[in-house]
Every structure is written in C-alpha cells, then in structure tokens.
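Note sheet for the following structure.
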Amino acid sequence: MSHESLFRKSGPTAADIDAFHNDGCIVYPDVFTDAAREELTEEILELEAVQDHLRAWAAGTEEHRYFVRPWNDRGRCGDGLIDDPFVTALLRATIGDDYHFCHSALALAPPGTQATPYHQDHHHWKHDNPSNRAERERYYLNGFRAGDHNLTVIPGSHRVAPTAEATAERMLAGEYDVEAGRRLEERRLELPPGSMVYINARIFHAVEAKPAASPQAYRLFNIDIFKQAGPPHRYTQEIPQSWMQGAGPERRKLFERKADSEGCWA
Ligand SMILES: [Fe+2]
Numbered sequence: 014m015s016h017e018s019l020f021r022k023s024g025p026t027a028a029d030i031d032a033f034h035n036d037g038c039i040v041y042p043d044v045f046t047d048a049a050r051e052e053l054t055e056e057i058l059e060l061e062a063v064q065d066h067l068r069a070w071a072a073g074t075e076e077h078r079y080f081v082r083p084w085n086d087r088g089r090c091g092d093g094l095i096d097d098p099f100v101t102a103l104l105r106a107t108i109g110d111d112y113h114f115c116h117s118a119l120a121l122a123p124p125g126t127q128a129t130p131y132h133q134d135h136h137h138w139k140h141d142n143p144s145n146r147a148e149r150e151r152y153y154l155n156g157f158r159a160g161d162h163n164l165t166v167i168p169g170s171h172r173v174a175p176t177a178e179a180t181a182e183r184m185l186a187g188e189y190d191v192e193a194g195r196r197l198e199e200r201r202l203e204l205p206p207g208s209m210v211y212i213n214a215r216i217f218h219a220v221e222a223k224p225a226a227s228p229q230a231y232r233l234f235n236i237d238i239f240k241q242a243g244p245p246h247r248y249t250q251e252i253p254q255s256w257m258q259g260a261g262p263e264r265r266k267l268f269e270r271k272a273d274s275e276g277c278w279a
C-alpha cells in the first residue's frame, strides 16, 4: 500500500547511514510533518484505554505509566507508520529488503516514572538460538528535555561483542574503546515534539527518570520493531486478522512470519 508520508523526509542520507553503522542510531528531531504529529497524537489520546488511564491519573487512582504491547489499536496514522515510505526507505538502506514487522508498543509516562537502566533490546542476543538483528523505530510525539525521561545512548556500543562481561558500566569506564574503535561515552538526548530515533537493537540505551515536578504531563512514546526475516524474536506479535485482510502484497510480506509463542524455540 502506498500512501502519503507522515514525515518531512523521504529517506536517509549517506551521512544518516554512516551514523547508523558507526553510532548504532540515527536521531531525527522534529521529523513528522506537523499535520501527522497532530493527527497521530490525537489518535492515541482518543483511545479508550488511554482515556481511562488519563482519568485515573487525574483522579489519583493510578500513578504508573500506561503501557501496551503489542499496540494494535492503531488509527490511520498509526497504521501508516508500518510501511510509511520513509520508514521503508530507512529499513531497506540499513538491513536490506528481507525484513519483517516484529512488534510494537505504546507508552505514556507520567511525572514520577522511574528510570530504565542501560540495556540492549536485542532479545535473542545472549542465548543459544540463532541470532537475529532487529531495528527499532522509536517515536517521541511530544519530545523530551534532558533530565526529564530523556533517552540516553552509548554510540558505538552495538559494535562490542556480546559477552556477559560487556556491560554498559564497563563500556563507560573505557574498557571497550579499543574493540569499538572509538571512545564509548554516554550521549544524553534532548528532542523536540515529533521526533524519531532509529536504533540498532544492540546499542546500549537507557531512559532517565521523569521527575515528580516535570512540567510535561506525560511523555508520549510509541515504537515499532522490525526484524530480519527468520524465526520469531521475543514478543514477535500475532498479526490481527483485519490487518491481513486489508494488506497488499508488500505488507503481507512484512506480516507473514511466525509469532512468538510458547515453545516456538524448542
Ligand atoms: Fe529498550
């Protein structure tokens, strides 16, 4: 299905691709068109489950973030993200044509939300099953300030061999600079509304806490994960029947794969 892009860009530049390979991520500040950012935000905020959660925050009966995985209740824009021409161009330029849609998530984090420590998202990285790559599009519809639930990354950390010893702490202490071929250090991001971060799932990343006194009522975050063709990853989602029914051949290709299930790795 081809449709008008939700983004201001049509594809990555050569410098973007370099950043992806060297840093393990590409940062796109304010990359949604204004119209797409507004419509997607509205679509999400109108969801009944989100409305219920917002009301519960206001009533003081809920203090935790709203989180759903997979995020299947997608409207026109949410659905369009899956094979937006810009997203497709990014994936093809970084991992080639042979990839699948893996899964998605949606999160609204209120003030007081705890930090997420450094980790990698690659769920089949350190176990016995075949190793897949996975690339993730992280969308920050209302942005974030440094010190306020901001994303931090260690550029280049995806290049360090995945051993149990290779922790973020040791990387930041300089122990893996030689292996990575660069100085590994923390990069604290700060992004305006409508931003996107495209990451290699193997890059070490973390999220700082959202202070109780944060001026932002919630940080709005959604994510789509794509994986190279092959066996399921942890969380590879079931594709809703309705998605399949409406899908053209290109979309079908993204969706025709096994989902993660009990015993699928046995
Ligand atoms: Fe993560």
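Those letters in the sequence shown? Residues 14 to 279, per the working numbering, in order.
The beta carbon of each residue, even a glycine, is placed where N, CA and C say it ideally should be.
Where does residue i sit, in a helix, a strand or coil, going by DSSP?
{"i": "N235", "result": "strand"}
{"i": "C277", "result": "coil"}
{"i": "A106", "result": "helix"}
{"i": "T165", "result": "strand"}
{"i": "P98", "result": "helix"}
{"i": "P262", "result": "helix"}
{"i": "A27", "result": "helix"}
{"i": "H140", "result": "Unreliable positioning characterises H140 in this predicted model, as indicated by a pLDDT of 49, which lies under 50. The coordinate reading is nonetheless provided below. Here H140 sits in coil by DSSP."}
{"i": "T54", "result": "helix"}
Rounding to the nearest angstrom, what Cα-Cα distance links residue i and residue j in this structure?
{"i": "A179", "j": "V173", "result": "7 Å"}
{"i": "E275", "j": "I238", "result": "20 Å"}
{"i": "L267", "j": "W84", "result": "16 Å"}
{"i": "A69", "j": "T249", "result": "30 Å"}
{"i": "I108", "j": "P262", "result": "20 Å"}
{"i": "T46", "j": "E56", "result": "15 Å"}
{"i": "G91", "j": "E52", "result": "9 Å"}
{"i": "R189", "j": "Y112", "result": "This sequence places Tyr at residue 189; Arg is not what is there. In a straight line, the C-alpha of Y189 is about 30 Å away from that of Y112."}
Our contact map puts residue i next to residue j with C-beta atoms below 8 Å; I'd like the distance itself, whole angstroms only.
{"i": "A219", "j": "P130", "result": "6 Å"}
{"i": "F80", "j": "A32", "result": "Actually they are not in contact, since the Cβ atoms of F80 and A32 sit about 29 Å apart, beyond 8 Å."}
{"i": "P245", "j": "K271", "result": "5 Å"}
{"i": "T126", "j": "A222", "result": "7 Å"}
{"i": "R50", "j": "P168", "result": "R50 to P168, Cβ: 26 Å. No contact."}
{"i": "N163", "j": "E192", "result": "N163 to E192, Cβ: 27 Å. No contact."}
According to DSSP, which residues form a beta bridge with residue i?
{"i": "M209", "result": "Y41 and Y152"}
{"i": "F33", "result": "For F33, which the question treats as bridged, DSSP gives no partner whatsoever."}
Please name the residue in the options whose C-alpha comes closest to that of residue i.
{"i": "G88", "options": "W256, A222 and A28", "result": "W256"}
{"i": "R200", "options": "F114, S170 and A177", "result": "S170"}
{"i": "F234", "options": "V210, D273 and S227", "result": "V210"}
{"i": "A102", "options": "R265, N85 and F20", "result": "F20"}
{"i": "E76", "options": "G261, E263 and A225", "result": "A225"}
{"i": "S208", "options": "I30, A27 and T54", "result": "T54"}
{"i": "R105", "options": "E61, D134, P25 and A128", "result": "P25"}
{"i": "D96", "options": "A122, R264, E269 and D273", "result": "R264"}
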